[in-house]
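2 protein chains.
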Amino acid sequence: METTDRLSINQRTVKNWSIPQLVDQCAAQKIRFVGLWRDKIAQTGLPETLKLLHHSGIRVSSVCRGGFFTAVTPTEREANFEENCRGIEEAATVGAPVLVLVCGGVVNRDLDRSREMVMEGIERLLPVAEKAGVKLGIEPLHPMFTADRSVIVSLSHANSIIERFDSNYLGLVIDVYHVWWDPGVFMEIARASSHILGFHVNDWIVPLPDILNGRGLMGDGVVQIKRLRESVTEAGYRGPIEVEIFNDRLWQFPGADLLRLIKERFLSSV
Amino acid sequence: METTDRLSINQRTVKNWSIPQLVDQCAAQKIRFVGLWRDKIAQTGLPETLKLLHHSGIRVSSVCRGGFFTAVTPTEREANFEENCRGIEEAATVGAPVLVLVCGGVVNRDLDRSREMVMEGIERLLPVAEKAGVKLGIEPLHPMFTADRSVIVSLSHANSIIERFDSNYLGLVIDVYHVWWDPGVFMEIARASSHILGFHVNDWIVPLPDILNGRGLMGDGVVQIKRLRESVTEAGYRGPIEVEIFNDRLWQFPGADLLRLIKERFLSSV
């Protein structure tokens with residue numbers, strides 16, 4: 060990237076920071092966007108969060124996260140629906156255009172039924188999202204998360220779901236870590252076109268230190284990030300690009316240094 | 060399964076055993092097939108391996124493994140070709156119908172070029188395999204191995220390659236651990252049809268203890284193994300079914316107990 064204008068810091072990249080810390084540090088480094096997590100919003104409180112955002116001029120690229128549509132009992136599914144409605148409300152309040160959906164893992168060892176539950180969950184949630192003016196962004200995860208986090212693990216599957224609903228309020232969030240391996244990745248990005256609602260960057264390092272918390276900084280791994288970014292741009296996405304890195308080592312880094320390093324890598328490797 | 064007639068013990072399941080131990084224990088438990096690894100054949104020596112097999116009547120369902128076609132330098136690729144030729148020879152000598160191919164990970168951060176190297180490697184190796192009467196079985200690995208083990212990570216990709224070569228000596232080895240998550244898994248198994256050369260069972264446990272060495276015993280995880288086995292049978296595969304489990308905990312188990320447990324689970328969960 061030629062500038063850091065589109066850079067957004069997803070809060071998980073600096074997991075140990077509160078929202079006040081995140082906003083302060085980003086303001087100091089002229090970073091214009093952040094991706095907020097709901098647990099952190101709860102910690103700081105919505106009114107205080109709004110005040111900080113307003114004061115700094117920093118905008119929210121997305122709220123993480125809704126979804127988790129798969130559940131064993133109807134009670135759990137109901138509780139989950141209500142939680143998702145609150146997520147939409149919060150996204151609307153902080154001015155985030157999109158709530159990221161992590162759709163939920165396999166329940167009862169039944170992958171087909173679990174995938175049906177995702178369809179049912181989206182169907183029920185979509186009118187709520189439309190009414191609030193917040194888009195729902197399906198983030199297909201890497202297939203290694205099928206069992207416990209998301210039964211939606213490929214771009215082609217996510218695209219099929221999006222096409223089936225055919226709504227301006229349902230789209231795709233693309234994270235390079237989850238999709239880079241897919242032989243159809245460029246075709247599916249083109250297919251997603253105007254439905255792309257977000258783009259997350261990081262890297263796949265070798266050997267992978269940990270499934271969940273072993274993502275790398277852009278440039279440290281094997282992912283062709285620039286090529287993916289270009290294809291996402293080509294498909295029509297011009298919004299913020301979130302740096303989302305779950306990494307135990309990075310979380311120990313001093314804050315300002317980490318943001319400087321991220322900016323460097325955003326310019327050199329995205 | 061109603062009997063253990065089709066059960067084969069892949070040697071990696073009992074990683075700490077030599078070939079004499081494996082053959083003895085399988086003979087004692089009336090197990091008719093084994094899947095052998097090349098490092099273990101080297102350890103025991105080919106003549107002694109042949110004698111043990113002949114004496115026990117145990118047959119070899121596959122030899123693991125060839126492949127690793129991706130390499131940075133021409134010298135490495137040449138060395139790899141020769142290694143693969145030796146693998147084919149060994150498979151022919153021990154009477155294994157198939158050499159399992161793990162195709163190799165990404166080199167030079169170039170996924171496209173790495174995948175081309177796989178095509179070139181197969182093209183070069185295929186005449187050698189035909190001449191020896193040994194089939195090459197592409198085993199698509201789980202996408203989490205793309206970077207370091209195999210750039211072929213989906214059944215659809217493997218099927219396309221097999222269709223492109225259109226040879227009776229090139230087919231597919233299906234391991235439930237690698238493919239269970241795929242929304243297209245049943246369609247692709249049907250598509251593979253007479254090209255299925257092997258079927259490996261184990262399970263995906265939650266949470267996953269380790270990417271490489273955290274596979275579960277059939278029945279301990281979330282994979283619908285029976286349904287996959289039925290679809291593989293439906294597609295026409297009637298050969299041995301290898302139990303291949305890489306698991307640190309299982310490797311500490313006393314041998315005879317482990318084989319008894321595997322037989323039980325083969326009957327209850329495959």
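In order, the protein sequence lines correspond to chains P and E. Its first residue numbered 60, the first sequence is counted upward by one per residue in this note's numbering. Its first residue numbered 60, the second sequence is counted upward by one per residue in this note's numbering. Ideal Cβ positions, reconstructed from N, Cα and C, are used throughout, including at glycine. Note that the coordinates shown come from a computational prediction; the quantities given were computed from them, not determined experimentally.
Name the DSSP bridge partner or partners of residue i?
i: G257 (chain P); result: P:V232
i: I68 (chain P); result: P:V93, P:V302
i: D262 (chain E); result: E:G275
i: C123 (chain P); result: P:W96, P:V159
i: G196 (chain P); result: P:V159, P:G230
i: R118 (chain P); result: P:F92
i: S209 (chain E); result: E:G163
Are the CB atoms of residue j and residue i within a distance shorter than 7 Å?
i: L214 (chain P); j: I221 (chain P); result: no
i: V291 (chain E); j: F258 (chain E); result: yes
i: Q80 (chain E); j: K99 (chain E); result: no
i: P299 (chain P); j: R97 (chain P); result: no
i: G146 (chain E); j: G125 (chain E); result: yes
i: L112 (chain E); j: N143 (chain E); result: no
i: H237 (chain E); j: P199 (chain E); result: yes
i: V193 (chain E); j: L158 (chain E); result: yes
i: D262 (chain E); j: G273 (chain E); result: no
i: E247 (chain P); j: N218 (chain P); result: yes
i: D207 (chain E); j: G164 (chain E); result: yes
i: R239 (chain P); j: K74 (chain P); result: For clarity, residue 239 (chain P) is Trp in the given sequence; the question names Arg instead. Going by C-beta atoms, W239 (chain P) is not nearer than 7 Å to K74 (chain P).
i: S252 (chain P); j: A188 (chain P); result: no
i: T134 (chain P); j: E303 (chain P); result: no
i: L326 (chain P); j: M60 (chain P); result: yes
Taking the straight line between their C-alpha atoms, what separation do you get for residue i and residue j?
i: V82 (chain E); j: S209 (chain E); result: 30 Å
i: D225 (chain P); j: Y296 (chain P); result: 18 Å
i: T129 (chain P); j: H216 (chain E); result: 29 Å
i: S77 (chain E); j: A315 (chain P); result: 55 Å
i: P202 (chain E); j: P313 (chain P); result: 33 Å
i: P106 (chain P); j: E149 (chain P); result: 11 Å
i: R223 (chain E); j: E182 (chain E); result: 10 Å
i: L317 (chain P); j: L271 (chain P); result: 20 Å
i: V190 (chain E); j: L256 (chain E); result: Checking the sequence shown, residue 190 (chain E) turns out to be Lys, not Val. If I take the Cα positions, the gap works out to 18 Å.
i: R324 (chain P); j: L160 (chain P); result: 27 Å
i: R174 (chain E); j: I211 (chain E); result: 7 Å
i: A86 (chain P); j: L170 (chain E); result: 38 Å
i: F127 (chain P); j: N139 (chain P); result: 7 Å
i: E137 (chain E); j: V177 (chain E); result: 13 Å
i: S328 (chain P); j: R288 (chain E); result: 44 Å
i: I264 (chain E); j: D279 (chain E); result: 6 Å
i: V131 (chain P); j: I284 (chain E); result: 21 Å
i: L195 (chain E); j: M277 (chain E); result: 26 Å
i: F204 (chain P); j: D241 (chain E); result: 12 Å
i: H254 (chain E); j: L109 (chain P); result: 60 Å
i: K322 (chain P); j: R172 (chain P); result: 43 Å
i: V166 (chain E); j: G243 (chain E); result: 28 Å
i: P156 (chain P); j: G180 (chain P); result: 20 Å
i: R308 (chain E); j: A101 (chain P); result: 41 Å
i: G84 (chain E); j: S115 (chain E); result: Reading off the sequence, residue 84 (chain E) comes out as Gln, not Gly. Taking the straight line from one Cα to the other gives about 10 Å.
i: D269 (chain P); j: P268 (chain E); result: 10 Å
i: R168 (chain E); j: P186 (chain E); result: 30 Å
i: F245 (chain P); j: L95 (chain E); result: 39 Å
i: E141 (chain P); j: Q88 (chain E); result: 55 Å
For residue i, tell me which candidate among the options has the shortest Cα-Cα distance.
i: S120 (chain E); options: E:R288, E:R250, E:D171, E:V93; result: E:V93
i: L117 (chain P); options: P:V165, P:S67, P:P156; result: Note on residue identity: the sequence assigns Ile, not Leu, to residue 117 (chain P). Among P:V165, P:S67, P:P156, the Cα nearest to that of I117 (chain P) is on P:S67.
i: F305 (chain E); options: E:T205, E:T134, E:K89, E:V260; result: E:V260
i: E301 (chain P); options: P:S115, P:L109, P:W240, P:V122; result: P:V122
i: A249 (chain E); options: E:R286, E:I264, E:R319; result: E:R286
i: I197 (chain P); options: P:N167, P:D234, P:M277; result: P:D234
i: G104 (chain P); options: P:T152, P:T63, P:Q84; result: P:T152
i: R91 (chain P); options: P:K74, P:T63, P:N75, P:L109; result: P:T63
Members of the stretch 191-225 of chain P near chain E, C-beta cut-off 7 Å: H201, P202, M203, T205, A206, D207, V212, S213, H216
Members of the stretch 265-294 of chain E that neighbour chain P once the beta carbon cut-off is set at 7 Å: V265, P266, L267, I270, V281, Q283
Positions along the stretch 74-99 of chain P whose CB lies within less than 8 Å of some CB in chain E: none
Near-chain E residues of the stretch 155-168 of chain P - C-beta to any C-beta below 7 Å: V165, R168
Chain-ordered residues of the stretch 170-181 of chain E with a beta carbon less than 8 Å from chain P: L170, R174
Interfacial residues, the stretch 306-324 of chain E to chain P, with Cβ spacing under 8 Å: none
Within 7 Å of chain E by C-beta, residues of the stretch 231-264 of chain P in sequence order: W240, P242, W263
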